[in-house]
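Below: the structure, in structure tokens.
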Amino acid sequence: MGSLSHLRFYFVLFCTGIIFFICFCYFILTFLTNFTTANLCWYLFSKFTRIKLEIQGSEIIERYGTRHTNTSEPKPRCVFVLNHQSELDIPILGKLAPNYTLRSATWRVKKMPLFGWYMQLSRSIFLDRPSTSGITNKQVLLDAAKILQEGNLNIAMYPEGRLSHSKTPNLQPMKRGAFVIAMEAGNMPIVPVVIANYAHIFHVPTRHASSGTIKIRVLPPLEWTQVNGMDKQRAIDEMMEAVSNKMYETLIEISK
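Each residue of the sequence shown is one higher than the one before, counting from 31 in my numbering.
As structure tokens, this is what we get:
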């Protein structure tokens, strides 16, 4: 079984590379939106790998991906925050994120062939920039907030900041970036998206891959009204704690 699992793991990696190449070419040739290309990526990926998603609360996601026909009424905006387990989260986000949603990534992703180019073309927000880039992370967050406000856009972020590769349900300490952007962009609501632990389906350290269904639960948005009257730093800390607690409780529940 071990050899078969390893073989399937490398097959998944190979398929992922080919699919990203196809989607990148499709994006370039047709100038498709980030949303369309990402959905194509997941469709091909799921067909090859036989990995499926069971999404609870998809109506919440759809609410933030629809523009009103009455242009005087703006589309609701939010910051989606997701737990981050492995590289598999990238195609999963392609299926989850609605239209009008930007992605975020670390600076090193920008330098990656194909995927990094795609992320740049899709107007992704690159965080944790080196000092040599000439721009501080604080300025990156403020610029991102301005982009979301002016474009009436959402953003999807992994507040843990790095992969966990955990074999058990685990949530790492969150960074402040997603919450700073949400506040500076006009107190955008935070929508937690919890992905059940899927180490039994895909686990990079042990080179394991198999088919299966991954459970995902989208939680109701958390509004900043619950921290009214607090100064910025305390309000962000309170929101981070509330989001982290809700996500951890849900992660334990859906990973059983």
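Note that CB positions come from ideal geometry on N, CA and C, so glycine has one too.
If you draw a straight line from the alpha carbon of residue i to that of residue j, how long is it in whole angstroms?
| i | j | result |
| --- | --- | --- |
| L83 | F156 | 27 angstroms |
| G146 | N275 | 32 angstroms |
| L252 | A186 | 15 angstroms |
| V189 | I165 | A small correction: the amino acid at residue 189 is Pro; Val does not occupy that position in the sequence shown. Approximately 21 angstroms, taken between the alpha carbons. |
| S285 | K245 | 8 angstroms |
| L171 | M149 | 17 angstroms |
Relative to the C-alpha of residue i, which candidate in the options has its C-alpha closest?
| i | options | result |
| --- | --- | --- |
| I81 | C71, G87, P219, I90 | C71 |
| P203 | I85, T66, Y278 | Y278 |
| T131 | P160, R153, P121 | R153 |
| M142 | G47, S161, T243 | G47 |
| S298 | S161, H230, E268, I266 | Past the edges of the chain, shown from 31 to 286, lies residue 298, and the structure says nothing about it. |
| P106 | V273, L37, P219, V248 | P219 |
| Y40 | A68, P235, A127, W254 | P235 |
Tell me the residue span of the alpha helix (DSSP H) that contains residue i.
| i | result |
| --- | --- |
| R2 | This structure does not reach residue 2, given that the chain is present from 31 up to 286, and the question cannot be answered. |
| E180 | 167-181 |
| K125 | 119-126 |
| R93 | 88-93 |
| E214 | 207-214 |
Just checking: is the beta-carbon of residue i within a distance shorter than 8 angstroms of some beta-carbon in chain B?
| i | result |
| --- | --- |
| T280 | The chain labelled as chain B is not found in the depicted structure, where only one protein chain is given. |
Residues bridged to residue i by DSSP?
| i | result |
| --- | --- |
| T198 | Its beta-bridge partners do not exist; DSSP assigns none. |
| F110 | A186, V221 |
| S134 | I155 |
| A239 | F232 |
| L70 | Partner(s): none; L70 has no beta bridge. |
| K82 | T243 |
I'd like the span of the beta strand (DSSP E) that includes residue i, first residue to last.
| i | result |
| --- | --- |
| V248 | 242-248 |
So residue i and residue j are in contact, right, with Cβ under 8 angstroms, and what is the actual spacing, rounded?
| i | j | result |
| --- | --- | --- |
| R206 | I122 | Not confirmed; about 24 angstroms, so no contact. |
| V210 | G87 | Not really, about 25 angstroms apart at Cβ, beyond 8 angstroms. |
| L126 | F232 | Going by Cβ atoms, the distance from L126 to F232 rounds to 16 angstroms, so no, they are not a contact pair. |
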